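Written below as structure tokens is the structure these notes are about.
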Amino acid sequence: MKSNIEKILQQALTALPEYSGVLENQSINNMIERTRDPRHGDFTTNIAMRLAKTLGKSPKEIATTVIKNLPDSDLINSVDIAGAGFINFHISQLALHRELAEILKSGSAYGRKAARNTPKVLLEFVSANPTGPLHVGHGRHAAYGATLGNLLEAAGYQVDREYYVNDAGRQMDILGVSILLRMLEKNGESFTFPEAGYHGDYIRTIAASVDEDISDTSVSLLLDSVPNNNKEEMIDALIENSEKMLGADKFRSIRQQALESILEDIKDDLEGFCVTFNSWFSEQSLTDGLIDDALAALEDRGMTYQKDGNVWFRSTDFGDSKDRVVVRANGKTTYFASDIAYHYGKRKRGYDLLIDVLGSDHHGYVNRVKAGLEAFGYAADSMEALLVQFVTLYRGGDKVQMSTRSGQFVTLRELREEVGNDAARLFYVMRSNDQHLDFDLELAKSNSTDNPVYYIQYAHARIESVFRQLKDQSLEYNEGIGVEHFERLTESHEKALMGSLSRYPEIIGLAATKRSPHTLVHYLRGIANELHSYYNAHTFLVEDTNLRNARLTLIKATQMVIANGLSIIGVSAPAEM
RNA sequence: GCGCCCGUAGCUCAACUGGAUAGAGCAUCAGCCUUCUAAGCUGGCGGUUGCAGGUUCGAGUCCUGCCGGGCGCGCCA
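1280 is the number of the first residue of the first sequence in this note's numbering; add one for each residue after it.
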């Protein structure tokens, strides 16, 4: 609908080169918007005010000239000037009718743009360390990332989704030690489990399934000469001893078995949550040359230097607060080196726009990664970090206490089992991602108006039930008749609903551009509200065949828009509730 | 101390990247089922957008400084 207005306005501007010259290449798309107040028409543009200063003319004078040059269109009833110089467009009923017909014609494709010549996007999200099951915080990342991916695709972007598996480094060793200790414990040894190890019950479960001969070692051997005054030093010593006792191969095998077990659980969990990825990128694989390549490329560009035996990256050249070590004196590369290499590799794989969904606690590293990309000659804004704030669970009015350290966290799986996938997916994205999320378990489960999941789904199901009722009354639905008699839709509820439905493609575009799935949730709630109001105010199954079919066609289109929107969020659209 | 995010109705949140009189739900108060699902609808009450300046035709939105909350500031990952 908005694109119609854009075309019409563009024609006027083309006829006025002295105006369009000032605008140069600016898109007029974001100078046109929906009005808030229906008295101001349906669309408005502030273009006259924007031009006023440069042209040295009054906004009203400009507006008058623009209006004079607008082509005739049966999509518009009238255009007027109001306020400080707004040009307000009042669209015709015909325009709404055509849009309604378009919804029915396009069906599940309505609101989706065909893939265009847009940047190829690599969307990385969740990427939780494979050291344990996903918890409710990761669930928000999963829901947000998945929905964002769907939105971007609907908006015409080409999107690949990737999960970065942090399967290298110290944390993997800690995982290995944790497993090993639980295996020994199962063999009857008793001891105090190290504080820095992973405490969750899943460690015991995995330990029981690991197939490895550990008779070479024992707890007493492992704990030999291990410092116990510092938990970090203690765990490092345990790692060292484990490798010594078992041999590096055997220890690695235990570690990998644990990793595979956990990763399998994560994959299964996400799949059950309808969150899918095109690729699972292993951090370990970076050591097969990519890190070396990246570091060599940096060196070629003079972006690194030696100091204190370390290799440093000149990240301060790109606005970072300090230079960063990429290779330690002991020859080991840092995590940061992996990160640079990983993002360098993303670009090398042909992606133009890198979107990372990160926990808000990772914001500190965004500039560093951007600095890395810039050092390779890529624009800093080719990488975009979207920060997701924390989730707090509430049961009724009570906060659910969680602590990752002690292993006492609510898992995503538990949440899904308790409230269901639909409620979880919608609740996770109904708030702006940069806001803390209070997730009320009781509300998510409740079958009431307060629960937006049920409210929206019910609107969809209610429409379906009208069509069931139609059959019970031995009546038939004829869409052709409906489309031919849209002029019978004269009630205020009907006009309002038609207007709102026509906004759907704009909402998809907006939500994608702003990376804001919650915009879509709010919109769908509004549509559901209008449907329920309409339902209460008027009877659809009336005697008059033309009117009946027109109304049924309108609610059919409404149902289509709700289904399309819900599918982007990853929520089902039930036929019956 | 430095950096990032946030502060909007009693509560939880919107506000179309600067637009016209800041909107929803919950709570509360008053109504609506002989009728396609009352898992619904209608109306009332509720605001100095944390505070103070600034930018301009116009600010919840942008800039500066405070106040308050969250999170970061390792050769950890």
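The C-beta atom is built at its ideal place from N, Cα and C for all residues, glycine as well.
Predicted model, so just to flag it, every value in this text is computed and none were measured.
query, result
"Beta-carbon separation (whole angstroms), P1409 vs V1456, contact threshold 8 Å", "So it is not a contact: roughly 15 Å between Cβ atoms."
"Distance CB(A1487)-CB(K1510) smaller than 8 Å", "no"
"Neighbourhood of R1804 by C-beta distance below 8 Å, restricted to the same chain and skipping five residues each side", "P1731, Y1734 and I1735"
"Bounding residues of the alpha helix (DSSP H) (the contiguous stretch that carries Y1734)", "P1731 to D1751"
"Bridge partners - M1662, DSSP secondary structure assignment", "L1633"
"Same chain, Cβ closer than 8 Å to T1626, five either side skipped, listed in chain order", "Correcting the residue type first, residue 1626 is Arg in the shown sequence and not Thr. Same-chain partners within the cutoff: L1633, L1652, F1655, Y1657 and S1661."
"Inside the region 1687 to 1721 only - alpha helix (DSSP H) runs reaching at least 4 residues", "1691 to 1698 and 1700 to 1708"
"Straight-line gap, T1484 to R1461 (C-alpha atoms, nearest Å)", "9 Å"
"Option in V1708, A1854 and L1826 with minimal Cα separation from E1770", "L1826"
"Three-state class that DSSP yields for K1611 in the structure shown", "coil"
"Euclidean distance between Cα positions of D1635 and T1583", "25 Å"
"DSSP state of V1604 mapped onto helix, strand, coil", "strand"
"Identity of the residue in L1502, A1829, I1841 and A1422 nearest M1709 by Cα", "A1422"
"Candidates G1588, N1396 and T1344, of which the one nearest G1610 by Cα", "G1588"
"Helix, strand or coil at R1794 [DSSP, three-state]", "coil"
"Identified DSSP bridge partners for N1589", "K1586"
"Cβ-based neighbour list, A1576, same chain, cut-off 8 Å, excluding 5 preceding and 5 following", "Y1623 and F1655"
"Minimum C-alpha distance to H1369 - residue among V1415, H1319 and S1337", "H1319"
"Length of the line joining the Cα atoms of F1592 and H1642", "19 Å"
"Same chain only: Cβ atoms within 7 Å of A1790, ignoring 5 sequence neighbours per side", "L1430, P1796, T1798 and L1799"
"Residue from D1452, V1606 and T1832 with nearest C-alpha to L1749", "T1832"
"Span separating the alpha-carbon of G1335 from that of A1363", "15 Å"
"Element boundaries [alpha helix (DSSP H), containing N1557]", "From DSSP, N1557 is part of no alpha helix (DSSP H); its letter is neither H nor E."
"Residues near L1288 by beta carbon distance below 7 Å, same chain, minus five either side", "I1307, I1311 and T1324"
"Limits of the unbroken beta strand (DSSP E) element including K1399", "K1399 to E1403"
"Per-residue DSSP class, three states only, for A1331", "helix"
"Where Y1442 sits in the DSSP three-state scheme", "strand"
"Residue from A1816, M1513, A1775 and D1701 with nearest C-alpha to L1851", "The sequence given here has Ser at residue 1851, not Leu. Nearest of A1816, M1513, A1775 and D1701 to S1851, Cα basis: D1701."
"Own chain partners of L1354 with C-beta closer than 7 Å, once the 5 adjacent residues on each side are dropped", "N1283, I1370, S1371, L1373 and A1374"
"Through-space distance from G1778 to T1792, alpha-carbon basis", "22 Å"
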